[in-house]
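In mature numbering (1 follows the signal peptide of the UniProt record, and there is no 0), the protein residues as written are -22 to -1, 1 to 218.
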């Protein structure tokens, strides 16, 4: 009995000491919490997936597409299509601060290895792989939850337009992070290849995204030629 009282006393002291413990929030019906990543202010970035998508099925299906046929047959032999994954931002008290559907069943989230930004950045990757074709695949958007919750970070285009900072990894597109030589924020290079609408010849586009004066910007160049994932990533000199 004395040990039990001591245990309760210790628990009371812990709860009243200001020790931050994130409280679990309610999970929507049909979903499971597939991933949780600490943001840095006590809140969590979460990815929710269909409860039928086990970690093994997620791994096996990534980059290959996922549909109703991926699940074991149900009693009526007609398994329902997978639910779209969701991303949400949850406070340390368990309050859902923001939530959005990702339109596809598989997603991942991770801390982005980008330095020199106003707050921590994260890569939210949604597997948009289609059953056929080489122009689809995982798409990675950059989030800064402490500034814009689940809204994608924007970059300033070459014509002054602002667009979401999203990077594709497909049969004809790839990207990589490039270390800064001067200790600033890393840049990101993206290569993509597509056929021209005019003569069906392939054009390859080289883009470099840089964080300059508090915002992301892009520089690009194009040249005739073909690139795909079977090739090495292009040489740095090809990027502007």
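Every residue, glycine too, gets a C-beta built ideally from N, C-alpha and C. Quantities reported herein were computed from a predicted structural model and do not represent experimental measurements.
Looking at the structure shown, is residue i part of a helix, part of a strand, or coil, going by DSSP?
i, result
"residue 147", "coil"
"residue 139", "coil"
"residue 50", "coil"
"residue 23", "strand"
"residue 116", "strand"
"residue 215", "helix"
Using a Cβ-Cβ cutoff of less than 8 Å, which residues in the same chain neighbour residue i once the five nearest sequence positions on both sides are dropped?
i, result
"residue 26", "5, 6, 9, 10, 11, 12, 63, 64, 65, 66"
What are the boundary residues of the beta strand (DSSP E) that residue i is part of?
i, result
"residue 35", "Premise fails: residue 35 lies in the alpha helix (DSSP H), 33 to 39, not in any beta strand (DSSP E)."
"residue 201", "193 to 202"
"residue 187", "180 to 190"
Within its chain, find whatever has a CB closer than 7 Å to the CB of residue i; leave out the 5 residues flanking it on each side and keep chain order.
i, result
"residue 76", "66, 67, 127, 128"
"residue 218", "184, 186, 197, 198, 199"
"residue 97", "122, 124, 125"
Tell me the rounded alpha-carbon separation between residue i and residue j.
i, j, result
"residue 111", "residue 150", "10 Å"
"residue -10", "residue 72", "Residue confidence for residue -10 is low, a pLDDT of 32 falling below 50, so the modelled location carries little weight and cannot support an answer."
"residue 109", "residue 83", "14 Å"
"residue 45", "residue 159", "44 Å"
"residue 162", "residue 23", "26 Å"
"residue 171", "residue 146", "12 Å"
Taking the alpha helix (DSSP H) that residue i belongs to, which residues open and close that run?
i, result
"residue 123", "123 to 126"
Within this structure, are the beta carbons of residue i and residue j separated by less than 9 Å?
i, j, result
"residue 131", "residue 205", "no"
Might you give, ordered along the chain, the residues of its own chain that have their beta carbon closer than 6 Å to the beta carbon of residue i, omitting 5 neighbours on each side?
i, result
"residue 88", "101"
"residue 188", "165, 195"
Looking at the C-beta of residue i, does it have a partner C-beta in chain C at a distance below 9 Å?
i, result
"residue 218", "No chain C appears in this structure, which consists of one protein chain only."
Less than 8 Å between the CB of residue i and some heavy atom of the ligand NAD, yes or no?
i, result
"residue 125", "Among the ligands in the structure shown, none appear at all, so the ligand NAD cannot be discussed."
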